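Notes to accompany the following structure.
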DNA sequence: CACTAATCGAGACGGTACGTCGCGTCTTGTG
DNA sequence: CACAAGACGCGACGTACCGTCTCGATTAGTG
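Chains as they are written, first to last, in my numbering: chain A, 2 to 193; chain B, 2 to 193; chain C, 2 to 193; chain D, 2 to 193.
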């Protein structure tokens, strides 16, 4: 898609940033339905053609605008397990409950059916967290804080699922008390 | 929407049923994107006007077609707690992982942003399960099988979230082993 | 269409009159496009079914409402020819330039293509005028006021055409001066 | 409507021509009622959106397709008055009695009520004829062939009205004999 | 006095056209 | 090459009107 050789007029790098900003603004103001090709282009001061030169379809742009990079939950390996799990829970909630993310997620998840590559891209955002959580879990098992069959994927899916379900079905319920309760639940569930 | 008095020509009851069936068939064959007003009408042997007379928008019809009534998980109050929780987990998975439901859910969840009344309608499907689970939990607390702070809403949201996250992000992973692992997780998390 | 035997509930005679009045009111207020089945029924305090029991289609009702009976131009046989012709011109103009008629005519003429029976019905309204004009013309020929080849149908068509063209293309131009000028034109054209 | 600056992708000029041809074909085959947005688009090998980009509504397209330019009656200034008038009468008849025009006119005239701008557009088609007739009439007055009060607008309205009335009410009667009779009528009516 | 038969109000029915909108692509002219 | 601009094919949207139908409730005349 990108120009392999260095030939030709180079792409205007501001368009990427402007498009990201436009998407985020539209998401907050009008929800996922307001993120129209024409609307994004107008808001970003460019045209649809410039967008489609960069992203294969609108949802890809939205995904990139909402989740620009990998989630950084910085599991402070060394703190005790409850503290680290609380960090994961809180981090996942904070990342997905941004006004922008909350507006985009339902639509993005629905588009997975149409654009399978979005699926992989979204999962990729959690890859680092998964690795860190896997490592942390191994340490906890060695320390006798978690039973040996504990799996990081189940754990992470549980957290993400709880956040998504809360986001979609009971928005507003994911306060700090919820973080504490879910953390406690996870800690207890890890005991042998 | 419905005719309050008995006046006027009564609605043809077959249209409701045919529309439901048409939506389910289209969902299975072509996914959520195939559920078009014209396609549903054609398949149901009726017209768009007849559909819009009954439902304010297509997603309402889809919701009704996919979740015709309340989820019945028949918590067998009396069995031991692990068995009952396994029933809830398995029941939620079975209800939401039907080919029809799996095809409809992502789109349906995304439409909540546009049609807020869909939100209440979807939650309503779990009202009975919540009540039953709440009762069961109280019994478990009294029997010393669960700690007193355990909350049915958190528990149910955890189950639903796990299913939805699994459905959206890792379809195919929700096998019987997953049911057993999640049940074990929940049982352990309930211990004081 | 009507009930041949006297059996059954008799029709409510007020509906005819109310429907006529409703059509005329809607024509004046919103033009031909506002004369909808539902609108007429609502305005007349009845229902579409009652209307279609009486008229085969809406244009028939409109025609009846706008031109309830034959045009009565009362050619005062005996006056001089210019006076009589002025009466015809003025009468045709007055009959077709009513706000109601002016609003209905273009639509009615267009429906002729769909309902050929409307055609005959509309022509019928001029039958009496034609006969009278034909007689008057014969007298004029005998008196040497008109050349022998003068034909009433050509003459009448000329008058009606002039009114319709004025109505459709230059509304407002059909004032009394126009009546005098057209009358003069016709009188001169009849001279041998 | 049109793109003022030369920017953007230029409109495909074939679409205009194809749409015109499609409208004419549909008019002849199925009458005014067959001229549907979808039908025109399909026949022209394009889409409804492309049509609505060019014309504000269907009747405007129909008008343009049926009367692409101004009527050219080429009054042969110089022939004697009866010959020139016969040319006007015959020309107006020929222009409005084409199968295409005859099918379109009733509908088009009826739409004037909904789209007032159509009115001006239709009158414009006769502007040149009016000017020429006005000039010719002045010559005739100077030559003593017509009385001084003769007005071209009255005359033209008379001709057009006669054609329209004949078209709408007595189709088939506008043969060459009718042309001669009407011409004679006009010539006599112009004498002082 | 029941019975019959057509009308009444109300409103749903199938059908069809309307005009709009969004998508992702394409085609110009201009850097 | 990229860019701005905007037309293109495609297809869905939700609304409106048409003329018909199906109800339950009236309202006469008839047996």
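C-beta atoms are modelled at their ideal positions from N, C-alpha and C, and glycine is treated no differently. Every value quoted in this text rests on a predicted model; they were computed, and no experiment measured them.
Residue i versus residue j: straight-line alpha-carbon distance, rounded
{"i": "residue 30 (chain A)", "j": "residue 37 (chain A)", "result": "13 Å"}
{"i": "residue 117 (chain C)", "j": "residue 111 (chain C)", "result": "11 Å"}
{"i": "residue 130 (chain B)", "j": "residue 161 (chain B)", "result": "11 Å"}
{"i": "residue 18 (chain A)", "j": "residue 174 (chain A)", "result": "33 Å"}
{"i": "residue 106 (chain B)", "j": "residue 26 (chain B)", "result": "15 Å"}
{"i": "residue 40 (chain A)", "j": "residue 155 (chain A)", "result": "40 Å"}
{"i": "residue 191 (chain A)", "j": "residue 85 (chain B)", "result": "20 Å"}
{"i": "residue 62 (chain C)", "j": "residue 184 (chain D)", "result": "38 Å"}
{"i": "residue 114 (chain D)", "j": "residue 102 (chain C)", "result": "13 Å"}
{"i": "residue 53 (chain D)", "j": "residue 120 (chain A)", "result": "39 Å"}
{"i": "residue 164 (chain A)", "j": "residue 48 (chain A)", "result": "36 Å"}
{"i": "residue 92 (chain C)", "j": "residue 99 (chain D)", "result": "32 Å"}
{"i": "residue 70 (chain A)", "j": "residue 7 (chain B)", "result": "59 Å"}
{"i": "residue 186 (chain B)", "j": "residue 153 (chain A)", "result": "13 Å"}
{"i": "residue 2 (chain D)", "j": "residue 55 (chain D)", "result": "Only weak support is given to the placement of residue 2 (chain D): the predicted model assigns it a pLDDT of 44, under 50, and the value that follows is read from those uncertain coordinates. Looking at the two C-alpha atoms, the distance is approximately 7 Å."}
{"i": "residue 144 (chain C)", "j": "residue 65 (chain D)", "result": "50 Å"}
{"i": "residue 133 (chain D)", "j": "residue 89 (chain D)", "result": "10 Å"}
{"i": "residue 128 (chain A)", "j": "residue 73 (chain A)", "result": "10 Å"}
{"i": "residue 28 (chain D)", "j": "residue 180 (chain D)", "result": "26 Å"}
{"i": "residue 188 (chain A)", "j": "residue 142 (chain B)", "result": "19 Å"}
{"i": "residue 182 (chain B)", "j": "residue 32 (chain A)", "result": "37 Å"}
{"i": "residue 148 (chain D)", "j": "residue 193 (chain D)", "result": "4 Å"}
{"i": "residue 16 (chain C)", "j": "residue 15 (chain D)", "result": "54 Å"}
{"i": "residue 11 (chain B)", "j": "residue 24 (chain B)", "result": "23 Å"}
{"i": "residue 140 (chain A)", "j": "residue 166 (chain A)", "result": "29 Å"}
{"i": "residue 195 (chain C)", "j": "residue 136 (chain C)", "result": "Since the first and last residues shown for chain C are 2 and 193, residue 195 (chain C) lies out of range."}
{"i": "residue 68 (chain C)", "j": "residue 95 (chain C)", "result": "12 Å"}
{"i": "residue 178 (chain C)", "j": "residue 172 (chain C)", "result": "14 Å"}
{"i": "residue 34 (chain D)", "j": "residue 50 (chain D)", "result": "20 Å"}
{"i": "residue 146 (chain A)", "j": "residue 176 (chain B)", "result": "27 Å"}
{"i": "residue 42 (chain B)", "j": "residue 13 (chain B)", "result": "14 Å"}
{"i": "residue 9 (chain B)", "j": "residue 104 (chain A)", "result": "43 Å"}
{"i": "residue 22 (chain C)", "j": "residue 126 (chain C)", "result": "20 Å"}
{"i": "residue 87 (chain B)", "j": "residue 157 (chain B)", "result": "12 Å"}
Cβ-heavy atom distance, residue i to the ligand MN, below 7 Å
{"i": "residue 145 (chain D)", "result": "Ligands are entirely absent from the displayed structure, and the ligand MN is therefore not among its contents."}
Residue i (DSSP reduced to helix, strand or coil)
{"i": "residue 80 (chain C)", "result": "strand"}
{"i": "residue 176 (chain D)", "result": "coil"}
{"i": "residue 15 (chain C)", "result": "helix"}
{"i": "residue 87 (chain A)", "result": "helix"}
{"i": "residue 150 (chain C)", "result": "coil"}
{"i": "residue 193 (chain C)", "result": "coil"}
{"i": "residue 113 (chain D)", "result": "coil"}
{"i": "residue 131 (chain B)", "result": "helix"}
{"i": "residue 2 (chain B)", "result": "Its pLDDT being 46, under 50, residue 2 (chain B) is placed unreliably by the model, and nothing is read from it."}
{"i": "residue 92 (chain A)", "result": "helix"}
{"i": "residue 71 (chain C)", "result": "coil"}
{"i": "residue 143 (chain C)", "result": "helix"}
{"i": "residue 98 (chain A)", "result": "coil"}
{"i": "residue 7 (chain B)", "result": "coil"}
{"i": "residue 41 (chain B)", "result": "helix"}
{"i": "residue 184 (chain D)", "result": "helix"}
{"i": "residue 31 (chain B)", "result": "helix"}
{"i": "residue 105 (chain B)", "result": "helix"}
{"i": "residue 57 (chain C)", "result": "coil"}
{"i": "residue 137 (chain A)", "result": "helix"}
{"i": "residue 36 (chain D)", "result": "coil"}
{"i": "residue 158 (chain B)", "result": "helix"}
Nearest-angstrom Cβ-Cβ length linking residue i and residue j, presumed shorter than 8 Å
{"i": "residue 109 (chain C)", "j": "residue 60 (chain C)", "result": "6 Å"}
{"i": "residue 151 (chain C)", "j": "residue 138 (chain C)", "result": "6 Å"}
{"i": "residue 20 (chain D)", "j": "residue 45 (chain D)", "result": "5 Å"}
{"i": "residue 194 (chain D)", "j": "residue 159 (chain C)", "result": "The structure shown does not extend to residue 194 (chain D), since chain D spans only 2 to 193, so no value can be given for it."}
{"i": "residue 168 (chain D)", "j": "residue 82 (chain D)", "result": "Their Cβ separation, rounded to whole angstroms, is 26 Å, which puts residue 168 (chain D) and residue 82 (chain D) out of contact at 8 Å."}
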